[in-house]
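Heads up, the sequence shown is in our numbering, so the first residue is 4 and it goes up one at a time.
Even glycine gets a Cβ: it sits at the ideal position worked out from N, Cα and C.
Computed from a prediction, not measured in an experiment: that's the story for all the values here.
Let me begin by presenting the structure, written as structure tokens, before commenting on it.
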Amino acid sequence: MEPTDEQAGAWTKAFDSGKFIRKSSEFRDQIEPNGTFDVESNRYHLYVSHACPWAHRTLIARTLLGLEDHITTDVVDWRMNPNGSWSFNEEEEGATADSLHREESLEGVYARAFPGWKESGRIGTVPVLWDRKHSTIVNNESREIIRMFDALSQSGLGNGTSLCPEPLKKEIDAMIDANYEAVNNGVYKSGFARTQDAYDEAVTALFDRLDELEHHLNGREWLVGQGTGQLTEADVCLFPTLARFDLVYVVHFKCNLRRIIDYPNLQAFIERIINLEGIRETCHWHHIKAHYFWSHQNINTFRIIPLGPLDGVHTK
Ligand SMILES: N[C@@H](CCC(=O)N[C@@H](CS)C(=O)NCC(=O)O)C(=O)O
Numbered sequence: 004m005e006p007t008d009e010q011a012g013a014w015t016k017a018f019d020s021g022k023f024i025r026k027s028s029e030f031r032d033q034i035e036p037n038g039t040f041d042v043e044s045n046r047y048h049l050y051v052s053h054a055c056p057w058a059h060r061t062l063i064a065r066t067l068l069g070l071e072d073h074i075t076t077d078v079v080d081w082r083m084n085p086n087g088s089w090s091f092n093e094e095e096e097g098a099t100a101d102s103l104h105r106e107e108s109l110e111g112v113y114a115r116a117f118p119g120w121k122e123s124g125r126i127g128t129v130p131v132l133w134d135r136k137h138s139t140i141v142n143n144e145s146r147e148i149i150r151m152f153d154a155l156s157q158s159g160l161g162n163g164t165s166l167c168p169e170p171l172k173k174e175i176d177a178m179i180d181a182n183y184e185a186v187n188n189g190v191y192k193s194g195f196a197r198t199q200d201a202y203d204e205a206v207t208a209l210f211d212r213l214d215e216l217e218h219h220l221n222g223r224e225w226l227v228g229q230g231t232g233q234l235t236e237a238d239v240c241l242f243p244t245l246a247r248f249d250l251v252y253v254v255h256f257k258c259n260l261r262r263i264i265d266y267p268n269l270q271a272f273i274e275r276i277i278n279l280e281g282i283r284e285t286c287h288w289h290h291i292k293a294h295y296f297w298s299h300q301n302i303n304t305f306r307i308i309p310l311g312p313l314d315g316v317h318t319k
């Protein structure tokens with residue numbers, strides 16, 4: 004039976020032959036020294052969901068680059084609204100109000116940046132990087148936000164480290180690209196597939212890539228770089244998907260050929276990242292688990308949240 008528009012949420016408009024098609028991000032401006040969006044402490048604000056793997060990337064980069072004192076954040080409720088939009092709810096543990104505008108939902112924030120937003124029929128995604136000075140959205144594409152955070156760290160706001168050093172940039176981009184369709188987006192394509200063929204294709208590509216990554220991590224700590232490698236954006240982009248895998252995707256998105264815990268190198272990889280200073284604090288397991296099983300009623304009609312798994316990084 005086809006889910007109703009209500010049950011299927013924002014994704015109803017994004018299918019082609021049963022395959023889930025991810026929409027592109029709308030706001031693509033950049034922070035640049037002396038540009039419209041100049042480098043300034045406490046000017047930019049990040050709206051995130053702790054459930055969302057794309058938003059998680061930006062929080063991890065913010066921590067690793069030492070930008071916590073320069074970029075403020077607000078966190079939406081883990082409950083996604085039936086149309087796919089996000090609300091603020093300071094009553095919910097780990098979530099906040101919209102500290103900048105007191106909007107009830109993220110749609111209100113998008114509407115401030117883009118008059119006519121609500122009529123446009125689009126739904127605002129997280130993460131969102133907001134500029135206090137021009138009262139607008141700078142960017143809502145996670146990959147570009149983390150690259151900008153790197154530039155901020157280089158410009159003296161953060162701890163000066165880089166997750167994308169120039170000599171490794173090509174290798175980093177190639178690794179992020181190679182993981183994007185198959186893994187980061189692949190779990191969604193598996194879970195939201197509306198035909199057996201679309202599902203089979205997505206799950207096969209997903210596990211082929213996980214097998215390759217398991218092999219690639221033999222004798223390495225990080226995905227990119229000489230020797231055992233060095234921590235880069237490529238690791239930051241892969242981690243949020245792997246960290247949600249056994250907790251959610253295996254069951255909810257039917258990504259069940261194997262679990263991450265069955266891959267020794269991938270399991271060691273997520274543990275390595277989670278043990279970096281400040282990273283465990285960015286992992287809100289309740290938001291992650293409750294969000295998916297509760298919000299996608301078209302694939303989990305009665306919103307039952309599974310009890311397990313008993314093992315995994317989320318238990319430590
Ligand atoms: N390309 C975006 C994707 C962001 C995205 O899809 N976020 C999801 C949450 S995991 C969202 O807000 N979805 C709302 C919707 O599409 O209705 C990025 O990487 O920043």
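8 Å contact criterion, which residue i and residue j should meet: CB distance rounded
i: residue 224; j: residue 235; result: Going by Cβ atoms, the distance from residue 224 to residue 235 rounds to 11 Å, so no, they are not a contact pair.
i: residue 142; j: residue 31; result: 6 Å
i: residue 20; j: residue 201; result: 7 Å
i: residue 149; j: residue 132; result: That belief does not hold up - the Cβ atoms of residue 149 and residue 132 are roughly 10 Å apart, past 8 Å.
i: residue 101; j: residue 92; result: At roughly 10 Å, the Cβ-Cβ gap does not stay under 8 Å, so residue 101 and residue 92 are not in contact.
i: residue 192; j: residue 22; result: 7 Å
i: residue 110; j: residue 121; result: 6 Å
Under 7 Å between C-beta atoms of residue i and residue j
i: residue 61; j: residue 77; result: no
i: residue 269; j: residue 215; result: no
i: residue 285; j: residue 63; result: yes
i: residue 182; j: residue 250; result: no
i: residue 210; j: residue 260; result: yes
i: residue 130; j: residue 237; result: no
i: residue 54; j: residue 299; result: no
i: residue 212; j: residue 186; result: yes
i: residue 140; j: residue 114; result: no
i: residue 152; j: residue 70; result: yes
i: residue 195; j: residue 255; result: no
i: residue 66; j: residue 281; result: yes
i: residue 310; j: residue 272; result: no
Beta strand (DSSP E) segment containing residue i, residue limits
i: residue 75; result: 75-78
i: residue 141; result: 139-142
i: residue 48; result: 47-51
From the options, residue whose alpha carbon lies closest to that of residue i
i: residue 56; options: 307, 245, 217 and 304; result: 245
i: residue 197; options: 27, 132, 211 and 301; result: 301
i: residue 171; options: 229, 42, 68 and 41; result: 229
i: residue 264; options: 67, 284 and 313; result: 313
i: residue 173; options: 152, 227 and 126; result: 227
i: residue 146; options: 204, 176 and 280; result: 176
i: residue 287; options: 241, 160, 272 and 51; result: 51
i: residue 316; options: 310, 157 and 278; result: 278
i: residue 73; options: 159, 81, 93 and 25; result: 159
i: residue 233; options: 310, 260, 243 and 276; result: 276
i: residue 135; options: 43, 95 and 319; result: 43
i: residue 308; options: 220, 205, 190 and 252; result: 252
i: residue 97; options: 35, 36, 157 and 82; result: 82
i: residue 75; options: 24, 178, 303 and 103; result: 103
i: residue 206; options: 164, 294 and 262; result: 262
Burial state of residue i, where buried means 16 or more other Cβ atoms lie within 10 Å
i: residue 5; result: Any reading at residue 5 must be qualified, since the residue scores a pLDDT of 30, below 50, and its modelled position is unreliable; the value itself is stated next. Exposed, because fewer than 16 other Cβ atoms sit within 10 Å of the Cβ of residue 5.
i: residue 89; result: buried
i: residue 344; result: Examination of residue 344 is not possible in this model, given that the chain is present from 4 through 319 alone.
i: residue 137; result: exposed
i: residue 292; result: buried
i: residue 166; result: buried
i: residue 144; result: buried
i: residue 3; result: Limits of the chain in this structure are 4 at one end and 319 at the other, which puts residue 3 out of reach.
i: residue 11; result: Confidence in residue 11 is poor, its pLDDT being 37 and thus under 50, which makes the residue's placement too unreliable to answer from.
i: residue 7; result: Because the pLDDT of residue 7 is 34, which lies under 50, any placement of that residue in the model is unreliable, and the question is left without a value.
i: residue 9; result: In this prediction, residue 9 has a pLDDT of 39, which is less than 50 and means its spatial position is unreliable; nothing more can be read from the coordinates.
i: residue 199; result: exposed
i: residue 35; result: exposed
i: residue 318; result: exposed
i: residue 305; result: exposed
i: residue 243; result: buried
i: residue 128; result: buried
i: residue 283; result: exposed
Range of the contiguous alpha helix (DSSP H) that encloses residue i
i: residue 176; result: 172-182
i: residue 133; result: From DSSP, residue 133 is part of no alpha helix (DSSP H) but of the beta strand (DSSP E) over 131-134.
i: residue 191; result: 189-195
i: residue 60; result: 56-67
i: residue 295; result: 288-298
i: residue 186; result: No alpha helix (DSSP H) holds residue 186; DSSP gives it neither H nor E.
i: residue 202; result: 199-219
i: residue 99; result: Careful: residue 99 lies outside any alpha helix (DSSP H) and carries neither H nor E.
i: residue 238; result: 236-247
i: residue 267; result: 267-277
i: residue 149; result: 145-157
i: residue 112; result: 109-116
Chain B within 7 Å of residue i, Cβ atoms only
i: residue 208; result: Absent here is chain B; the protein component of the structure consists of one chain.
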